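To start, the structure itself, in structure tokens.
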Amino acid sequence: MPLSGKWRKSPVLPRLEGMAIHLWRLDLGDKGILEKVRACLTLEELERAGRFYQREHREKYELARGTLRLLLGHYTGLNPLDLILEEGPYGKPFLSGSRQESRIFFNISHSGQRALYGFTRAGEIGVDVEQHRPDIPFRQLATRFFAPGEQAELNTLPDRDLEEAFFRCWSSKEAFIKARGEGLSCPLDQFEVSLLPAEPWQLKKIQWDPQEIGRWKLQGLAMGPGYSAALVGPAWGPQPQCFDVTHRILGNQIGKI
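The sequence shown runs contiguously to residue 1735 in the working numbering.
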């Protein structure tokens, strides 16, 4: 089963101390504070948003990116507009110029009407959320992308359980390769994760280096009906603290700029 995922509506932004892992869940369909959040975007980000053909996609990008800046601004104590966000060779975002002693590791994912953010000082982190789609060929895609052991387990399931198992597996794999910072350059069929309903969420096998499995911890996240989500972080990391992004949280942070 995924984490119970008791997402709290904190009245204030919490401090990120020690080895803590903070997760934030954002409703991308809530546009009530979009105008204020948009003011936190750089000119380059606004230009990028303007290149989206559909208004819905443009607004989702603006809301997700602006929220990322506001949360990072809180955790670093810097003005969100002063943060320099860059991407690694495979697209993983990072803060440029951050001091080693105050370094923040973070990751973001969005799908459908949900965005998911992860922050920690403990080490590299990856998060992924996937909106379920019943109209895709689960078994065929598993044959193409999943490890042999995952394919075999998926084939033991009745059709009614395929959707849940497929997206559990996919979100777990995405979170792992995002934690490693390699994106889809990492061969998805060279490592295995659990996917059966009765199994705990875990990394089961890493083909290229069996010892690496001890570095990571995979956890499932409850993001709401119709979604699967996963977190991969340092093996020694604690249980994450889960928060909902609210107008109050964003408004308070915007007011400090």
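Ideal Cβ positions, reconstructed from N, Cα and C, are used throughout, including at glycine. Being a predicted model, the structure only gives us computed values, none of them experimental.
Taking the Cα of Asp1508 as reference, the smallest distance to any Cα among Arg1592, Tyr1553, Glu1677 is reached at Arg1592. Distance from the CA atom of Cys1647 to the CA atom of Ser1663, rounded to whole angstroms, is 18 Å. In the pairwise beta carbon analysis, the stretch 1690 to 1697 is classified as touching the stretch 1706 to 1715: at least three pairs are separated by under 8 Å.
Closest in C-alpha terms to Gln1680, from the list Ile1691, Asp1687, Trp1686, comes Ile1691. From the listed residues Arg1547, Ser1589, Asn1557, the smallest Cα separation to Pro1571 is found for Arg1547.
Residue pairing by DSSP places Tyr1595 opposite Trp1502, Ile1586 in a beta bridge.
When the five nearest sequence neighbours on each side are left out, the beta carbons in the same chain lying within less than 8 Å of the beta carbon of Arg1526 are those of Tyr1539, in order along the chain. In this structure, Met1497 places its C-beta atom within 8 Å of the C-beta atom of Gly1715.
The alpha helix (DSSP H) runs lying completely inside the stretch 1519 to 1583 and spanning 4 residues or more are 1521 to 1528, 1533 to 1554, given in chain order.
Counting only residues of its own chain and dropping the five nearest sequence neighbours on each side, Ile1732 has a CB closer than 6 Å to the CB of Lys1514. DSSP lists no beta-bridge partner residue for Ser1663. Two segments are said to touch when three or more pairs of C-beta atoms, one from each, lie closer than 8 Å; by this definition the stretch 1596 to 1604 does not touch the stretch 1612 to 1624. The Cβ neighbour count for Gly1569, taken over all protein chains shown within 10 Å, is under 16; the residue is labelled exposed.
Taking C-alpha positions only, Ser1672 is separated from Glu1495 by approximately 31 Å. Per DSSP, Lys1682 is not a residue of any alpha helix (DSSP H); the beta strand (DSSP E) it occupies stretches across 1681 to 1684. Per DSSP, the beta bridge partners of Val1607 are Ala1707. Within the stretch 1624 to 1673, the runs of beta strand (DSSP E) that reach at least 3 residues and sit entirely inside it are, in chain order, 1669 to 1671. As computed with DSSP, Lys1695 is found in a beta bridge with Gly1711.
Here DSSP, grouped into helix, strand and coil, assigns Arg1622 to helix. Contact between His1588 and Leu1506 holds: their C-beta atoms lie close to 6 Å from each other, under 8 Å.
Across the set Ile1511, Ile1586, Leu1541, the C-alpha of Leu1541 shows the shortest separation from the C-alpha of Glu1523.
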